[in-house]
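Trainee: What follows is a single structure, and I will ask about it in a moment.
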Amino acid sequence: MSVDSQTYRDAMARLGAAVNVVTTGTLDDPVGFTASAVCSVSDAPPTLLVCMNRTSRARAAFHTGGALCINVLSAGQRDISGTFASPMDMYERFTVGHWTTLATGAPALEEAVASFDCRIDRIVEVGTHSVIFGVVEAIRIGEPVGGLVYFNRAYHVLPHSHDH
Numbered sequence: 001m002s003v004d005s006q007t008y009r010d011a012m013a014r015l016g017a018a019v020n021v022v023t024t025g026t027l028d029d030p031v032g033f034t035a036s037a038v039c040s041v042s043d044a045p046p047t048l049l050v051c052m053n054r055t056s057r058a059r060a061a062f063h064t065g066g067a068l069c070i071n072v073l074s075a076g077q078r079d080i081s082g083t084f085a086s087p088m089d090m091y092e093r094f095t096v097g098h099w100t101t102l103a104t105g106a107p108a109l110e111e112a113v114a115s116f117d118c119r120i121d122r123i124v125e126v127g128t129h130s131v132i133f134g135v136v137e138a139i140r141i142g143e144p145v146g147g148l149v150y151f152n153r154a155y156h157v158l159p160h161s162h163d164h
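Written out as structure tokens, the structure reads:
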């Protein structure tokens, strides 16, 4: 029994995920896109993965650069997600938010809930996507605010809990 891609996509839409802006390049030559397919791989060494469509305009920059920064968006940053998912050119995308760098030189969003600054360890091609593995070199944890998730093809806000 094979599963058709539309059924698969419909089911995956019910798997909620944090919304992230993934960057590479430098502040002078930035590249970035919106991604919900981000996952922890290991804490020793701290490693994440992100999936990027092979047709993405940003793909070539990740294949040539060694840096990757995953910026987790907050409840109030839906506009940033939309900007980085839009057809705007890369420089226009980076006009929203405030951008600095951590260890690798990849753009890091100052207002992110968390930024994971990574060196790209490997890229594995799987079907329609490139799976990028990044070893975390630096982390910046932002203000404790609500989160932004994508579920059932829509944005949803997760409230910040003051209980720890």
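Those letters in the sequence shown? Residues 1 to 164, per UniProt numbering, in order.
Glycine included, each C-beta is placed from N, C-alpha and C at the ideal position.
Could you round the C-beta distance between L49 and P107 to whole angstroms and report it? I think they count as a contact, below 8 Å.
Mentor: The Cβ separation is near 19 Å, so there is no contact.
Trainee: Could you give the C-beta distance for F84 and F33, rounded to a whole number, given that I count them as a contact under 8 Å?
Mentor: Going by Cβ atoms, the distance from F84 to F33 rounds to 6 Å, so yes, they are a contact pair.
Trainee: Measure the CB-CB distance between S36 and A11 and report whether it falls below 8 Å.
Mentor: No, Cβ-Cβ distance for S36 and A11 is not below 8 Å.
Trainee: Using C-beta distances below 6 Å, list every residue in its chain close to I141, excluding the 5 sequence neighbours before and after it, in chain order.
Mentor: Within the same chain, I141 has close Cβ partners A114.
Trainee: Can you give the Cα-Cα distance for T95 and I70, rounded to whole angstroms?
Mentor: Straight-line Cα distance between these residues: approximately 18 Å.
Trainee: Hey, out of S56, V21, D89 and E110, whose CA is closest to L148's CA?
Mentor: Residue V21 is the option with its Cα nearest to L148.
Trainee: The beta strand (DSSP E) that contains F116, what's its start and end?
Mentor: That run of the beta strand (DSSP E) goes A114 to V126.
Trainee: Identify which residue in A138, R59, L73 and S81 has its Cα closest to the Cα of A103.
Mentor: Out of A138, R59, L73 and S81, A138 has the C-alpha closest to the C-alpha of A103.
Trainee: Using only the alpha-carbon positions, how far apart do M90 and F62 sit?
Mentor: Roughly 13 Å between the two C-alpha positions.
Trainee: Thinking C-beta only, is V135 closer than 8 Å to C118?
Mentor: A contact, by the Cβ cut-off of 8 Å.
Trainee: Take P159 as the anchor and find which of F151, G146 and R153 has the nearest alpha-carbon.
Mentor: Out of F151, G146 and R153, G146 has the C-alpha closest to the C-alpha of P159.
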